[in-house]
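Asker: Provided herewith is a single structure, encoded as structure tokens, for subsequent inquiry.
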Amino acid sequence: MPIIPLILIAAGFAGNLLLVVLLLGDATAPGRMPLAVAAVLALGGAGLMLAGLRMLEPRRREGLDQRS
């Protein structure tokens, strides 16, 4: 198994978990976390997971004919 895609997926998952924890804490004491920070964490976590998943997917060879 390639290690770099798994690290990217794990880092994205950890970022999303951090976002959930911070938002749950913000629900009890509103205004502590700006929306820009929440947006960066959400987009960063999703981007890391997407990059890791794209690296795991096998690449297609050029010139394959899909008509059969």
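All residue numbers for the sequence shown refer to the working numbering, where the first residue is 10 and numbers rise by one. From the three backbone atoms N, C-alpha and C, an ideal C-beta is built for every residue, glycine too.
In the structure shown, what three-state DSSP assignment does residue 69 receive?
Answerer: Residue 69: coil per DSSP, three-state reduction.
Asker: Considering Cα atoms alone, identify which of 13, 18, 67 is closest to residue 57.
Answerer: Selected option, being the one with the closest Cα: 18.
Asker: Alpha carbon to alpha carbon, what distance is there between residue 65 and residue 71?
Answerer: The alpha-carbon atoms of residue 71 and residue 65 are separated by roughly 18 Å.
Asker: I need the DSSP call for residue 63, collapsed to helix, strand or coil.
Answerer: In the structure shown, residue 63 sits in a helix (DSSP, three-state: H, G or I).
Asker: Spatial neighbours of residue 42 within its chain, please: CB distance less than 6 Å, with the 5 preceding and 5 following residues excluded, ordered by chain position.
Answerer: So the qualifying residues of the chain are 31, 35.
Asker: Determine, using beta carbons only, whether residue 28 and residue 50 come nearer to each other than 8 Å.
Answerer: A contact, by the Cβ cut-off of 8 Å.
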